[in-house]
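Sequential numbering of the sequence shown, starting at -17, is according to our numbering.
A quick write-up on the structure given underneath.
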Amino acid sequence: MPVVAGVDLGGTAINYTFLNPQEEFLIEGLFEHPALSREGPNVCLQQIEDGLHIAINTVGLTIDDVVVIGLDTPGPASSSGVLSARGSTNFVHAHWAGYDIREQLAKKLGKPVTYLNDGNAGALWGHFNLFAGGKKATSVSAIVGTGLGGGVIVEGQVIKGRAGFGGELGHVMIPWQSIGAIAGMDAPVCNCGRTGDLESLCSLTAIGRSLLPFFLKQNPGHDLASAGDPVRAAKLVRGLAERGDAMCREIFRVQAQAMGLFFDEMVNIFDPDALIVGGGAIETGREFQDWFLAEVRSGMPVQRLEQADIPMFVMPNGDTAGSRGAALEALRLARESGLA
């Protein structure tokens, strides 16, 4: 039976799934294998191959049944899968700089390989889950984690752009000064160097760098004031917010309103069928998710009646979104090539 594979390569682990021509996923949850990416490309690609063999055996198939492999990775890369010559957080070994991971994996495995960045892969899965293929639908996804990724899907196709930077939504500028709760805060700075883009306010990094220090100045007696390490303190904010802590809720309200400003811009450009929110910030209980989405919507300046009721959803199966999106991209190529 021909299937395609989805391979989500992270900094520490590789996650796998398989998809048949009937668009049925053969692995339900996480299936992980160590990435060892810090040891360089040769070691990491061998890990990908080893894990692929283990994973395919668990679903009762062989590697010969895999006709196309879909790969996604974090960090900056070209649309064809050439990693940034500047390196990245997840690919620190010197030999990763400028490495064509898609081409080299295809050579190693002897099979066609498609490539997406992890944000676009997650966005493709979120879109497919809503629209079951969604050939005529458009969606915009924002995925909040350490940074902010996402993607734009138009009629079921990922918008990559000429150089692969289409859908780099975290670096879209927003009118952050309009968020009243952070009046007087220094301009938030993103890792990319921009001031006031979405990621500079809506990410775990933004909590530790800008939002938490600002709100702790107003709440010096808060328990997080004595947490020490800012990174550790930032990771505690979501749990406290979910439990109703007033200051931490306000931090997430600011993030939601920043996302609302961003989505408002996307609606004016794409007029999408759905807006999708994913990532660790929203992988919480239903009550917190509903509250967060309501705050996102309240942050969208309603310019037209037609925009007021645009559907907004939480991305499901967040841990497997990358591998599933990569598999969907692989299935597209398999169909175009007559392999599935």
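All C-beta atoms, glycine included, are put in the ideal place defined by N, C-alpha and C.
What you are looking at is a predicted structure, and each value in this text was computed from that prediction instead of being measured.
Excluding the 5 residues flanking it on each side, Asn201 has same chain C-beta neighbours closer than 7 angstroms at Met229, in chain order. Around the beta carbon of Asn24, fewer than 16 other beta carbons lie within 10 angstroms, which makes this residue exposed. Cβ-Cβ separation between Glu224 and Phe295: approximately 19 angstroms, too far for a contact (criterion under 8 angstroms). In the three-state reduction of the DSSP assignment, Asn99 falls in the strand class, which pools E and B. In the structure shown, Leu315 falls within a helical segment according to DSSP collapsed to helix, strand and coil.
Ser280 and Ile161 have their C-alpha atoms roughly 11 angstroms apart.
Within the same chain, Cβ atoms closer than 6 angstroms to the Cβ of Gly262 are found at Gly127, the five residues on either side in sequence being excluded. Put simply, the backbone Cα of Arg231 is about 8 angstroms away from that of Leu222. The beta-carbon separation of Leu8 and Val41, rounded to 5 angstroms, stays under the 8 angstroms limit for a contact. For Glu288, no beta strand (DSSP E) encloses it, and the DSSP letter there is neither H nor E. Fully enclosed alpha helix (DSSP H) runs of no fewer than 4 residues occupy 228 to 252, 268 to 280 of the region 228 to 300, in order along the chain. For Pro212, the enclosing alpha helix (DSSP H) starts and ends at 212 to 224.
For the pair Ala67 and Pro58, the Cα-to-Cα distance works out to about 9 angstroms. The region 168 to 185 and the region 140 to 158 touch, with three or more beta-carbon pairs separated by less than 8 angstroms. The closest CA to that of Pro293, considering only Glu150, Leu34, Arg84, Val122, is found on Val122. Of all C-beta pairs linking the region 97 to 111 to the region 139 to 147, three or more are shorter than 8 angstroms, placing the two stretches in contact. Between Val49 and Thr96, the alpha-carbon positions lie close to 11 angstroms from each other. Nearest Cα to Gly22 within the set Asn173, Lys118, Glu247, Gly80: Gly80. In the structure shown, Gly133 adopts extended strand secondary structure according to DSSP, grouped into three states. Under the DSSP assignment, Val50 falls in the beta strand (DSSP E) whose first and last residues are 48 to 55. About 5 angstroms separates the beta carbon of Thr(-1) from that of Gly(-12), a gap short enough to meet the 8 angstroms contact definition. The beta carbon of Arg84 sits closer than 7 angstroms to the beta carbons of Leu53, Ser62, Gly63, Val95, Tyr97 from its chain, once the five residues preceding and following it are set aside; these are given in chain order.
DSSP, reduced to helix, strand and coil, places Leu321 outside both helices and strands of the structure shown, so it counts as coil. Here Val(-14) is near Ala322, since their CB atoms are less than 8 angstroms apart.
In this structure, DSSP gives Phe13 a state outside helix and strand, which the three-state scheme calls coil. Annotation: the continuous alpha helix (DSSP H) that includes Leu91 extends over 83 to 91. Asp168: not part of any alpha helix (DSSP H); DSSP gives it neither H nor E. When Leu65, Leu287, Ala169, Gly210 are compared, the shortest CA-CA separation from Asn250 is found for Leu287.
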